[in-house]
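What follows is a short report on a single structure.
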Amino acid sequence: MNRWWDYWRAVGGRISWDRSLLRGLWVVPWLYGRSERRPSARPGSIAFYPQPGLPWYTLPLAMRRTAIRQTRDLKSADAVMMFDDRTRSDLTPPDVSGRLLNLRATDISKQHVGDVFRRVFGYDVSVDPCVHIGPMVEKADVNGVHDGRIVTGPLETAQPGQSYQRLVESVIRPGVTEDLRCVCVGGKVAVIFRKEKAAHQRFSTVYLETTLCEANTVLSAQEQAQVAAFCHAMGLDFGSIDILRDHAGDGRIYIVDVNKTCMPVLSMAVGELDRALGLIGAAVEDLVLGPAVEA
255 MNRWWDYWRA VGGRISWDRS LLRGLWVVPW LYGRSERRPS ARPGSIAFYP
305 QPGLPWYTLP LAMRRTAIRQ TRDLKSADAV MMFDDRTRSD LTPPDVSGRL
355 LNLRATDISK QHVGDVFRRV FGYDVSVDPC VHIGPMVEKA DVNGVHDGRI
405 VTGPLETAQP GQSYQRLVES VIRPGVTEDL RCVCVGGKVA VIFRKEKAAH
455 QRFSTVYLET TLCEANTVLS AQEQAQVAAF CHAMGLDFGS IDILRDHAGD
505 GRIYIVDVNK TCMPVLSMAV GELDRALGLI GAAVEDLVLG PAVEA
């Protein structure tokens, strides 16, 4: 009981009850109930610390389709997922015998994401709001707020607690923008949820259509290598990154957000979502049961 109470005390106030989340009230139980574990010569296990791996998160749902089981025993687990949805984490690593995942993913603020992106990709997504001329995106620096809005620079002063990013014109046809939600496992893009939004709702969680894509159909080999380098620099062993492609401008991709405790895209067709979870699960098996990769 304390485990559940501690969870709701930590994250309950940050949950946004939108249409997609309400749909999850039946989608998640359906996905959880129909999952079938794959046989394996060596079943593995993952423990979650400090927050529990509850069934509405992507990783526990994906694990239901694998030979990887969830355990509370940190000592016996093949891997321990550092599972903390705070923007900045200051956790003391637990004493474990298995692999610690997301141990170095301690800062997913927009500012840090922008700094790492610049180092890896060689160009900027972040802008200085007091210098930038023209439209830009102002959004909270912390995780999971969805409060983005377009403002015009230069500003006299930056707003406290806000970050500022380039306005990436991800318009794919008049009035419609494209977001790429990439689920990354061990630095590789396991699946991409391609989300179309009305341009006037580009910062919302309301989607016109969501489709499942393979990485090779959306990202070049060079871009996938850059994404892998970005995940390594962030310390992200498992999580999702949000990518926008500037279709109206330079054609390059921009990573605008990182989430290490991601949830599935509940707005898409449940059959496709079930398939996506299977692909993510297979990648998780490779990560947990495969040879250790140098951090």
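Under my numbering, read the sequence shown as residues 255 to 549, first letter to last. Using N, Cα and C, we set each Cβ at its ideal position, and we do this for glycine too.
Worksheet item: Which word fits V385, buried or exposed, when buried means at least 16 other C-beta atoms lie within 10 angstroms of its C-beta?
Response: exposed
Worksheet item: Using the rule of at least 16 other Cβ atoms within 10 Å of the residue's Cβ for burial, across every protein chain shown, is K329 buried or exposed?
Response: exposed
Discussion item. The alpha helix (DSSP H) that contains M317, what's its start and end?
Written reply: 312-317
Discussion item. My output table needs one value for I387: the three-state DSSP class, helix, strand or coil.
Written reply: coil
Worksheet item: Among V519, P518, V425, N470, which has the Cα closest to the Cα of H501?
Response: V425
Worksheet entry | Beta-carbon proximity list for K442, same chain, < 6 Å, skipping 5 on both sides | none
Worksheet entry | I362, DSSP secondary structure in three states | coil
Worksheet entry | Per-residue DSSP class, three states only, for Y286 | helix
Worksheet item: How long is the line joining the alpha carbons of L313 and P428, rounded to whole angstroms?
Response: 35 Å
Discussion item. Taking the beta carbon of A537 as the centre, do at least 16 other beta carbons fall within 10 Å, making it buried, or is it exposed?
Written reply: buried
Worksheet entry | Same chain, Cβ closer than 6 Å to D378, neighbours up to 5 away in sequence not counted | R372
Worksheet entry | Beta-bridge pairing of D327 - partner residues as DSSP gives them | Per DSSP, none; premise fails for D327.
Worksheet entry | Cβ-based burial, D504 [other Cβ within 10 Å; buried from 16] | exposed
Worksheet item: Who does E526 pair with in a DSSP beta bridge?
Response: Partner(s): none; E526 has no beta bridge.
Worksheet item: Can the beta-carbon of I509 be found less than 8 Å from the beta-carbon of V367?
Response: yes
Item to complete: Would you mind giving the Cβ-Cβ distance between V430 and E450, rounded to the nearest angstrom? I have them listed as a contact below 8 Å.
Response: 5 Å
Item to complete: Below 8 Å on the Cβ atoms is my guess for E392 versus V405; work out the distance and round it to an integer in Å.
Response: 5 Å
Worksheet entry | CA-to-CA distance, Y303 to T325, given in whole angstroms | 11 Å
Item to complete: Starting from T406, follow its DSSP beta bridges and name the residues at the other end.
Response: P389
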